Amino acid sequence: MGEEEGTISSDSTTRHRKPLGWKAMPYILANETLERLASYGLTSNFMVYMVREYHMDQVQAATLINSWSALTDFTPIIGAFISDSYTGKFRTIVFGSISELLGMLMLTITSLIPNLRPPPCTSDHITGKCIPYSDSQLYVLLSGLFLLSVGAGGIRSCSVPFSLDQFDDSTEEGREGSRSFFSWYYTTHTIVQLVSMTLVLYVQNNISWAIGFAIPSVLNLFALFLLFVGTRFYVFLKPQGSVFSGIFKVLVAAYKKRSVQSPSEIDYYRPLLETNSQSNEPVLTDQFRFLNKAVIVMDNDEARNEEWRSSTVRQIEDIKSIIRITPIFASSFLGFLALNQQQTFTVSQALKMDLRFPGTSYLIPPASITVISLLTIGIWLPFYETVLVRPIEHITKQEGGLSLLQKVGIGNFFCISTMFLSGIVEGNRRDLSLTGVNISVFWLAPQQVLMGFYQVFTIVGLTEFFNKQVPINMRSIGNSLLYLGMSLASYLSSAIVTIVHSVTARGGRQSWLSDDIDSGKLDYFYYFIAALSTLNIIFFLWCARRYRYRNMIPEQ
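Going left to right, the sequence shown walks through residues 1 to 556 as full-length UniProt numbering numbers them.
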């Protein structure tokens with residue numbers, strides 16, 4: 001191709017109504033937190049429901065829960081694409097809320113109608129012979145779970161981005177509000193989860209599964225009502241068509257003009273702020289420079305009427321943002337493996353321990369031990385926001401005290417510590433159990449505290465990172481990357497459980513993950529997860545050192 005010169009094209013984004021900030025938050029947060037009450041309360045106790053009511057063995061129940069969790073965490077990426085491209089965030093949240101409500105109603109029906117479950121075991125449900133569930137009973141159960149997954153896809157993909165739309169990032173007040181929003185957002189639904197993990201789980205285990213499922217169903221209906229009540233406070237950003245078309249357009253244009261000599265104003269620029277202080281227009285940066293040629297407008301492009309032969313500066317910088325966060329995303333989902341174990345094997349441990357609350361005869365529901373993690377989150381986040389953040393900002397000169405990736409890195413260290421401590425505790429528990437000593441379930445408390453700090457730093461940090469480091473018109477997709485990572489972690493966790501169970505049982509040996517954990521080696525499995533998490537943090541640190549934030553001047 002001949003050497004031709006060109007010009008730079010650009011675009012801009014405007015907001016047509018002043019956001020009201022925190023005035024709009026109660027209605028959006030109510031919808032999100034009550035959705036969490038339903039899904040988290042169900043997930044945390046579903047292991048017990050599968051074993052007691054559907055007569056599944058431990059590995060089978062864990063595999064089903066991991067697979068369902070993976071689907072639930074995958075659907076937000078689909079909901080995000082539909083939202084950002086076609087329907088908008090609000091309509092997607094409404095659709096998801098309705099689907100979630102239908103799913104909870106279906107699960108409530110499975111607990112109400114005996115024919116939708118296997119009959120009770122005639123003897124002990126672990127050692128006795130029980131009639132297994134039928135295909136039709138499983139299909140009904142899976143239908144309810146599928147509706148819950150679809151609902152989560154609509155709500156989780158859009159609730160945080162829709163909340164951020166309500167803040168004006170062009171003002172200091174708006175930026176401060178959007179930064180602190182993430183901590184208060186996580187605190188709010190953590191408090192609701194505490195209710196779920198105590199009251200709802202107690203009802204499910206000691207009174208009635210039907211009532212335990214009906215409570216979150218009613219609350220979901222109330223949340224949907226509140227969402228509509230708040231419509232007069234919301235800012236609605238219209239979807240801008242397929243968010244991926246701009247990405248493909250940049251790739252095509254950059255490839256077609258790979259041999260064109262760029263004009264000097266593109267070749268010899270100094271890296272600047274993502275948004276110029278004098279205007280709202282982005283400027284080209286020097287990272288991934290092979291994409292910059294897509295901005296060149298050739299003299300004969302209009303004559304050819306080829307829309308895909310040039311791109312705007314904004315489109316180019318948007319695709320660079322996506323490329324930059326990809327390694328961080330890849331390093332995130334391995335860290336979620338430790339979190340997956342809280343829903344399955346931690347509950348199995350609790351079932352083998354003394355569940356009495358110290359000094360009383362009250363029996364704690366096995367899944368309620370994870371309340372300790374929630375208490376850690378609920379206490380630490382408000383303490384950090386109200387007491388620690390200002391002194392830390394003064395020391396680090398960093399808005400919010402710590403950078404987003406510093407938070408994630410600290411959380412990853414807590415993840416490794418959690419798994420190592422879990423292995424130590426399980427080894428001691430098993431040894432004592434084999435001698436006839438049934439230790440208190442509160443031996444699991446220290447690892448639950450560490451898991452709480454992991455979520456405080458990593459989950460909150462990644463939520464803010466994925467929302468703020470993607471283009472504003474792709475916030476739903478960015479927010480959904482967190483759930484996509486959790487989905488991949490759930491599938492990976494399920495595969496690891498199956499492989500470890502199969503490999504360690506070869507040659508007639510006892511599996512590490514035996515149904516009777518007293519005869520297995522669950523502690524070895526925890527150490528294995530800790531080793532994987534250690535390798536993952538090395539990769540994360542390598543990626544984090546090379547990451548360049550949006551809206552920041554690169555280091556010289």
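Here a beta-carbon is modelled for each residue, glycine too, at the ideal position from N, C-alpha and C. As the structure is a computational prediction, the values presented were derived from the model and not from experiment.
Considering just the uninterrupted stretch of the alpha helix (DSSP H) at Thr-72, what are its terminal residues?
For the purposes of this step, residue 72 is identified with residue 72 of the sequence shown, where counting begins at 1. Unbroken alpha helix (DSSP H) run through Thr-72: 58-82.
Would you tell me roughly how many angstroms separate the C-alpha atoms of Arg-429 and Ser-196, rounded to the nearest one?
Position 429 of the sequence shown, counting from 1, holds the residue named residue 429. Position 196 of the sequence shown, counting from 1, holds the residue named residue 196. Roughly 28 angstroms between the two C-alpha positions.
Along the chain, where does the alpha helix (DSSP H) containing Ala-330 start, and where does it finish?
Position 330 of the sequence shown, counted from the first residue, corresponds to residue 330. Start and end: 313-335.
Could you spell out the range, first to last residue, of the alpha helix (DSSP H) harbouring Tyr-483?
By one-based count along the sequence shown, residue 483 stands at place 483. That run of the alpha helix (DSSP H) goes 475-504.
Whole angstroms are fine: how far does the CA of Ile-215 sit from the CA of Thr-108?
Residue numbering aside, residue 108 sits at position 108 when the sequence shown is read from its first letter. Residue numbering aside, residue 215 sits at position 215 when the sequence shown is read from its first letter. Between the C-alpha atoms of Thr-108 and Ile-215 there is a straight-line separation of about 10 angstroms.
Whose C-alpha, out of Gly-461, Leu-29, Tyr-54 and Arg-179, is nearest the C-alpha of Phe-222?
Numbered from 1 along the sequence shown, position 222 holds the residue referred to as residue 222. Checked all of Gly-461, Leu-29, Tyr-54 and Arg-179; the closest Cα to Phe-222 is Leu-29.
Given that a residue counts as buried once 16 or more other Cβ atoms are within 10 Å of its Cβ, and exposed if not, what is Ser-157?
Numbered from 1 along the sequence shown, position 157 holds the residue referred to as residue 157. Buried is the call here.
Suppose you measure from the CA of Arg-546 to the CA of Glu-317; what does that come to, to the nearest Å?
One-based indexing of the sequence shown puts residue 546 at position 546. One-based indexing of the sequence shown puts residue 317 at position 317. Cα to Cα, the separation comes out at about 17 angstroms.
Around the C-beta of Tyr-268, are 16 or more other C-beta atoms found within 10 angstroms, so that it is buried, or is it exposed?
Here residue 268 is taken as the residue at index 268 of the sequence shown, counted from 1. Reliability fails at Tyr-268, whose pLDDT of 37 lies under 50, so the model's placement of it is uncertain and the value that follows must be treated cautiously. Counting Cβ neighbours within 10 Å, Tyr-268 comes out exposed, since fewer than 16 surround it.
Is Ile-296 helix, strand or coil when you go by DSSP?
Numbered from its first residue, the sequence shown carries residue 296 at position 296. Assignment of Ile-296 by DSSP, reduced to helix, strand and coil, places it in the strand class.
Do Met-451 and Phe-420 count as a contact pair if the criterion is CB distance below 9 angstroms?
Counting from one through the sequence shown, the residue named residue 420 turns up at place 420. Counting from one through the sequence shown, the residue named residue 451 turns up at place 451. No.
Please classify Asn-438 as buried or exposed, where buried requires at least 16 other C-beta atoms within 10 Å of its C-beta.
As a working note, residue 438 is residue 438 in the sequence shown. Exposed, since its Cβ has fewer than 16 Cβ neighbours within 10 Å.
What is the C-beta distance between Asp-518 and Ser-433, in whole angstroms, given that I count them as a contact (C-beta under 8 angstroms)?
Residue 518 sits at position 518 when you count from the first residue of the sequence shown. Residue 433 sits at position 433 when you count from the first residue of the sequence shown. Confirmed, Cβ separation roughly 5 angstroms.
Around the Cβ of Asn-206, are there at least 16 other Cβ atoms within 10 angstroms (buried) or fewer (exposed)?
Along the sequence shown, one-based indexing puts residue 206 at 206. Looking at its Cβ environment, which holds fewer than 16 other Cβ atoms inside 10 Å, Asn-206 is exposed.
Verify whether the separation of the beta carbon atoms of Val-460 and Leu-513 is less than 9 angstroms.
Stepping through the sequence shown from its first residue, residue 460 is reached at position 460. Stepping through the sequence shown from its first residue, residue 513 is reached at position 513. It is not a contact, given that the beta carbons lie outside the stated cut-off.
So, using beta-carbon positions, are Ile-369 and Ala-338 closer together than 9 angstroms?
Walking along the sequence shown from the start, residue 369 turns up at place 369. Walking along the sequence shown from the start, residue 338 turns up at place 338. Contact: no.
Rounding to the nearest angstrom, what Cα-Cα distance links Met-25 and Phe-236 in this structure?
Reading the sequence shown from its first residue, position 25 is the one you call residue 25. Reading the sequence shown from its first residue, position 236 is the one you call residue 236. Rounded to whole angstroms, Met-25 and Phe-236 show a C-alpha spacing of 14 angstroms.
Spatial neighbours of Ser-143 within its chain, please: C-beta separation below 7 angstroms, excluding the five flanking residues on both sides.
The residue you call residue 143 lines up with position 143 of the sequence shown. Answer for Ser-143: Met-106, listed in chain order.
Looking at Thr-198: is its Cβ nearer than 9 angstroms to the Cβ of Ile-377?
Taking the first residue of the sequence shown as position 1, residue 198 is located at position 198. Taking the first residue of the sequence shown as position 1, residue 377 is located at position 377. Taking 9 angstroms as the Cβ cut-off, Thr-198 and Ile-377 do not qualify as a contacting pair.
Are any of the Cβ atoms in chain B nearer than 9 angstroms to that of Arg-430?
In summary, chain B is missing from the structure at hand, where a single protein chain is found.
Pick helix, strand or coil for Asp-135, following the three-state DSSP scheme.
Mapped onto the sequence shown, residue 135 falls at position 135. Helix at Asp-135.
Only counting the same chain, and skipping five residues up and downstream in sequence, which positions put a Cβ closer than 6 angstroms to that of Ile-78?
Your numbering for residue 78 matches position 78 in the sequence shown. Gly-153, listed in sequence order.
Mapping DSSP to helix, strand and coil, what is Ser-99?
Here residue 99 refers to the residue found at position 99 when the sequence shown is read from its first residue. Ser-99: helix per DSSP, three-state reduction.
Which term fits Ser-136, buried or exposed, when burial requires 16 or more other beta carbons within 10 angstroms of its beta carbon?
Your numbering for residue 136 matches position 136 in the sequence shown. Under this definition Ser-136 is an exposed residue.
Apart from the five residues just before and just after Asn-305, which ones in its own chain have a Cβ nearer than 6 angstroms to its Cβ?
What you label residue 305 is simply residue 305 of the sequence shown in a count that begins at 1. For Asn-305, the predicted structure reports a pLDDT of 45, less than 50, and the residue's modelled location is therefore unreliable. The matter cannot be settled from this model.
From Leu-355, Ala-70, Asn-473 and Tyr-86, pick the residue whose C-alpha is nearest to that of Phe-336; which is it?
On the sequence shown, position 336 is the one that residue 336 refers to. The candidate whose alpha carbon is nearest that of Phe-336 is Ala-70.
Output the distance between the C-alpha atoms of Arg-117 and Tyr-133, rounded to the nearest integer angstrom.
Taking the sequence shown and counting its residues from 1, one reaches residue 117 at position 117. Taking the sequence shown and counting its residues from 1, one reaches residue 133 at position 133. Each residue's alpha carbon lies about 7 angstroms from the other.
Which partner residues of Ser-440 appear in the DSSP bridge assignment?
Here the question's residue 440 lines up with position 440 in the sequence shown. Paired residue(s): Asp-354.
Within the continuous alpha helix (DSSP H) that includes Gln-448, where are the two ends?
Mapped onto the sequence shown, residue 448 falls at position 448. First-last of the alpha helix (DSSP H) with Gln-448: 445-454.
Taking DSSP's pairing of strands, which residues face Leu-363 in a bridge?
Counting from one through the sequence shown, the residue named residue 363 turns up at place 363. Answer by DSSP bridge pairing, in chain order: Arg-356.
For the putative contact between Pro-500 and Phe-525, defined by C-beta atoms under 8 angstroms, what is the C-beta separation to the nearest angstrom?
By 1-based counting over the sequence shown, the position of residue 500 is 500. By 1-based counting over the sequence shown, the position of residue 525 is 525. Note that residue 500 is Val in the sequence shown here, rather than Pro. Yes, Val-500 and Phe-525 are in contact; Cβ-Cβ is about 6 angstroms, under 8 angstroms.
According to DSSP, simplified to helix, strand and coil, what is Leu-405?
Along the sequence shown, read from residue 1 onward, the residue named residue 405 stands at position 405. Residue state, collapsed to three classes: helix.
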